[in-house]
Every structure is written in structure tokens, then in C-alpha cells.
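Read through the structure below, which is laid out as C-alpha cells, and then see the notes.
Numbering (the numbering used here), first residue to last: 51 to 427.
Below you can see the structure in the form of C-alpha cells.
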């Protein structure tokens, strides 16, 4: 049998040893975690500078600004995980190739797909941990950051709360505050709440009256309550027909007053999305976010394949400097792609499942195409 055909047969039948597979997975995972740690430190430094700039002139100490940055960084890292996988994989296989370890493996007849499999499984497992364990922690810290930020900058929070008991909307009045509870919302213009109960409180928080109405329609500077019945503090009821309550709320602020999906735990998102649908709120943005979390293990594996294939393809041509530039350009392009596709999915221009899956599919196709070229088809 000739030399080339013998090499081809050996490559097609060679099996990656278990010990070597674990080694490749361990090296890959370690480099990904190192890059993620570097991203975390860099993000903390940059965000601390930003928080110090924002709080300049306010009665806010350095430790308070540091606390704001510390609560905010996990959310930033949540968006950087795919790029930590990309750069970590590029770094790991650049080192393996430079140390001739991959050369030995390839000479033994092991294909690129075979030595990539343990690394893919490792980062996919990391994706499962990120989504199921780290994401709930990140969501809690992000929610805490928003509360602390509102306190520092004097902004009102929790104007709108959605729960299985309905929609709860709070607004201030010149002499107190009112709280709306509605069974359902019609988000189209004009925005309308259905089966509404309004609780009226004075400036000291004492209950004054209650208004039950069939609907509340948000107009220019007022709520119009139709078929209203007013009950005073003593419980005496009387029909009042149509009632107008002054408000500074705009329809967009009510629609956008929902909790950001990144402040909700992975485990809480399905229930929240279901409640949004039952109450009439648009839930596409939350659904795209949740479905993208489900694809995280696949996205991590796709980013690894892309990073490794590009590294093996271009390492000999330009060295580490060229790889860094290529990684930065590719990472930025993927960052823009993810944001654009998710925005189109949230806006209803794309199916939510497609918006969630498309970034993974694109990364996988690019990486696979380059890898197939390396393997000569």
C-alpha cells in the first residue's frame, strides 16, 4: 500500500485516547477561565471608572462606587462569556500547536474533529453551568445593582410589577400616591387596563379611597376610568361614572416598565413569560432571551470550533499578533450580529427560535467550513 493511502487509512481509523482527550479538554477549559477572569478584572476597572464619573458631585464614596461596579460586572461578564470561549480556545490551541502537541496528535492519524470533541464537550458543559448556576446569581446581582443605582441617583423603581395576581402600577400624585391593580392590559394605542382597582393613599401613606372600574384608558396626561364605583375609607360605595386621574406616565414608559430579562433567573423566566402572555404584555424580548440561554451550550461549542479552526488555519501565516487582531474583529462582528438578530426577534421581524439559534448556526457554519478545508473535505 502506498504512503499517502496508508496515512489516510491511519487517520480515518485512529481513535483519540481518553487521557489525551481529558488533557485537551482541561487545557481548553483552563484557558477559557483565564480569559474570563481577565475580562472580569478589565470590566471591573472600566466600570469603576464609569461609576466614579457618574457619581462625581454626589455624596457617594469610593466604596459605594466600587459596590455599584461590583454588582454590575457579572451582567457584563454574562455578555462576554461567548468571547471568553472564543479567545480562550484560540489561546489554548495556539499553545498546543506551538508546543507541537497537535502535530504529534495529527501525525498519529487523529482528525481535527476528534481532538476538538473533548474541548467542545468541556465548553458545552461550562455553558450548562453558566446558565443553570451562574445566571441566577448574576440576575440577583443585576437586580440589586438596579435598586442601588436608583437609590444613588434618586430614581423611582418598581413602578410596574407583573405577578399572577395581575398588573400593579404605582404613580405619585400631588398629595399622595395611587396604586392600580388590573387583570389585563391592552398594549396597543390607546393603552388600556381592564378590570381595574385603584387604591388612593395620602402623603403619609394612609388609605383614603378605592375605585373599581371596568377599564382605565391612558390619555394625554390622565387616566380615564369608565363605569367607576368609588368606595371611601369607611367602605361606603357610590357610582361615579367616568373619572379622570392626572398622570405623568406615558404609554411607552408603561410598556417598557417590565423587569429586564437579565434581572430574572433562568429558572424564573418561563413563569414570568407565561404571566406576561396571560396579562396581555408583549413577551417576545423575554422569550428570545430565554431561548438564547437554552442555546448557550451550543453557542459555546460553535465559538470554540470557530476559534480553533481559524487559529489552526492562520497561525503559520501571521503568528499571535494576527490571531489577536482576527479574534477582535471576529468577536466584534459576532457581538453586533447577536444584538441585531435578537433585536429583530424581539420586534417580531424574525421568529424567536430563529433569533435565538441563528448566532450559534452562523458560528458553527464558519468554523466547520474552515475545519473541512483543513481536513481536505
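From the three backbone atoms N, C-alpha and C, an ideal C-beta is built for every residue, glycine too.
Bear in mind the structure is a predicted one, so any value in this text is a computation, not a measurement.
1. I need the DSSP call for residue 331, collapsed to helix, strand or coil.
2. Can you give me the start and stop residues for the beta strand (DSSP E) that residue 182 sits inside?
3. What residues in its chain sit with their C-beta under 6 Å from that of residue 352, if we drop five residues either side in the sequence?
4. How about the stretch 294 to 311 and the stretch 260 to 275: do they share at least three Cβ pairs that are nearer than 8 Å?
5. From which residue to which residue does the alpha helix (DSSP H) around residue 444 run?
6. By how many angstroms is the C-alpha of residue 139 removed from the C-alpha of residue 421?
7. Could you tell me the alpha carbon to alpha carbon distance between residue 93 and residue 128, rounded to whole angstroms?
8. Please report the Cβ distance between residue 312 and residue 125, rounded to the nearest whole angstrom; I am assuming they are in contact, meaning their Cβ atoms lie under 8 Å.
9. Am I right that residue 77 and residue 142 are in contact with their C-beta atoms under 8 Å? What's the rounded C-beta distance?
10. Could you check whether the stretch 167 to 179 touches the stretch 336 to 355, counting it as contact only if at least three pairs of C-beta atoms, one from each stretch, sit closer than 8 Å?
11. Check the C-beta distance from residue 181 over to residue 165 and give it rounded, since I have them as a contact under 8 Å.
12. Out of 256, 328 and 119, which has the shortest C-alpha to C-alpha gap to residue 226?
13. Taking the alpha-carbon positions, what's the residue 404 to residue 392 distance?
14. Just to confirm, are residue 220 and residue 234 a CB contact at a threshold of 8 Å?
15. Taking the straight line between their C-alpha atoms, what separation do you get for residue 132 and residue 184?
16. What's the gap between the Cα of residue 337 and the Cα of residue 314?
17. Taking the runs of the beta strand (DSSP E) that are 3 residues or longer, which of them lie wholly in the stretch 233 to 286?
18. Quick check on residue 62: does DSSP put it in helix, strand or coil?
19. Measuring straight from C-alpha to C-alpha, what distance separates residue 229 and residue 211?
20. So residue 221 is in the alpha helix (DSSP H); what residue range does that whole segment cover?
21. Does the beta-carbon distance from residue 268 to residue 304 come in below 8 Å?
22. Pick helix, strand or coil for residue 418, following the three-state DSSP scheme.
23. Note the first and the last residue of the continuous alpha helix (DSSP H) segment covering residue 85.
24. How would you label residue 168, buried or exposed, when you count the other beta carbons within 10 angstroms and need 16 or more for buried?
25. Give me whichever residues DSSP pairs with residue 213 in a beta bridge.
26. Where does residue 171 sit, in a helix, a strand or coil, going by DSSP?
27. Give the single residue among 236, 310 and 320 whose Cα lies nearest to the Cα of residue 341.
28. Tell me the residue span of the alpha helix (DSSP H) that contains residue 304.
29. Give a yes or no on whether the C-beta atoms belonging to residue 97 and residue 74 are separated by under 8 Å.
30. Measuring only the C-alpha atoms, how far is residue 103 from residue 109?
31. Report the residue from 114, 308, 376 and 188 whose alpha carbon sits nearest the alpha carbon of residue 199.
32. How many whole angstroms separate the CB atoms of residue 333 and residue 343, which I take to be in contact at a CB cut-off of 8 Å?
33. Using the Cβ count rule (16 or more neighbours within 10 Å means buried), how would you classify residue 68?
Considering the structure as presented:
1. In the structure shown, the three-state DSSP call for residue 331 is coil.
2. Secondary structure note for residue 182: it is in no beta strand (DSSP E), with a DSSP letter that is neither H nor E.
3. For residue 352, where only same-chain residues beyond five positions count, the Cβ hits under 6 Å are 410, 413 and 414.
4. With a cut-off of 8 Å, the stretch 260 to 275 and the stretch 294 to 311 count as touching, because enough Cβ pairs lie within range.
5. As shown, the chain starts at 51 and ends at 427. That puts residue 444 outside it, with no answer to give.
6. Roughly 14 Å between the two C-alpha positions.
7. Using only the alpha carbons, I get a separation of about 11 Å.
8. With a beta-carbon spacing of about 6 Å, residue 312 and residue 125 fall inside the 8 Å limit used to define contacts.
9. Their Cβ separation, rounded to whole angstroms, is 5 Å, which keeps residue 77 and residue 142 in contact under 8 Å.
10. Verdict: yes, contact present.
11. For residue 181 against residue 165, the beta-carbon gap comes to about 26 Å, at or over 8 Å, which does not count as contact.
12. Distances from the alpha-carbon of residue 226 to those of 256, 328 and 119 put 256 closest.
13. Whole-angstrom Cα-Cα distance: 9 Å.
14. Taking 8 Å as the Cβ cut-off, residue 220 and residue 234 do not qualify as a contacting pair.
15. Straight-line spacing of the CA atoms in residue 132 and residue 184 works out to 14 Å.
16. About 12 Å.
17. Within the stretch 233 to 286, the beta strand (DSSP E) runs of at least 3 residues that lie entirely inside it are, in chain order, 242 to 252, 257 to 268 and 272 to 282.
18. Low confidence applies to residue 62: its pLDDT is 44, below 50, so where it sits in the model is not reliable enough to give any reading.
19. Roughly 11 Å separates the two Cα atoms.
20. No alpha helix (DSSP H) holds residue 221; the beta strand (DSSP E) holding it covers 216 to 223.
21. For the 8 Å CB-CB criterion, residue 268 and residue 304 form a contact.
22. DSSP, read as helix, strand or coil, puts residue 418 in helix.
23. From DSSP, the alpha helix (DSSP H) with residue 85 extends over 68 to 104.
24. Around the Cβ of residue 168, a 10 Å sphere holds 16 or more other Cβ atoms; the residue is buried.
25. Paired residues: 216.
26. In the three-state DSSP reduction, residue 171 falls in the helix class (H, G or I).
27. Comparing Cα positions, the closest option is 320.
28. Here the alpha helix (DSSP H) through residue 304 covers 301 to 305.
29. With respect to the 8 Å criterion, residue 97 and residue 74 are not classified as neighbours on the basis of their beta carbons.
30. If I take the Cα positions, the gap works out to 13 Å.
31. The residue with the shortest Cα to Cα distance from residue 199 is 114.
32. Not really, about 15 Å apart at Cβ, beyond 8 Å.
33. Residue 68 is exposed by the Cβ-count criterion.
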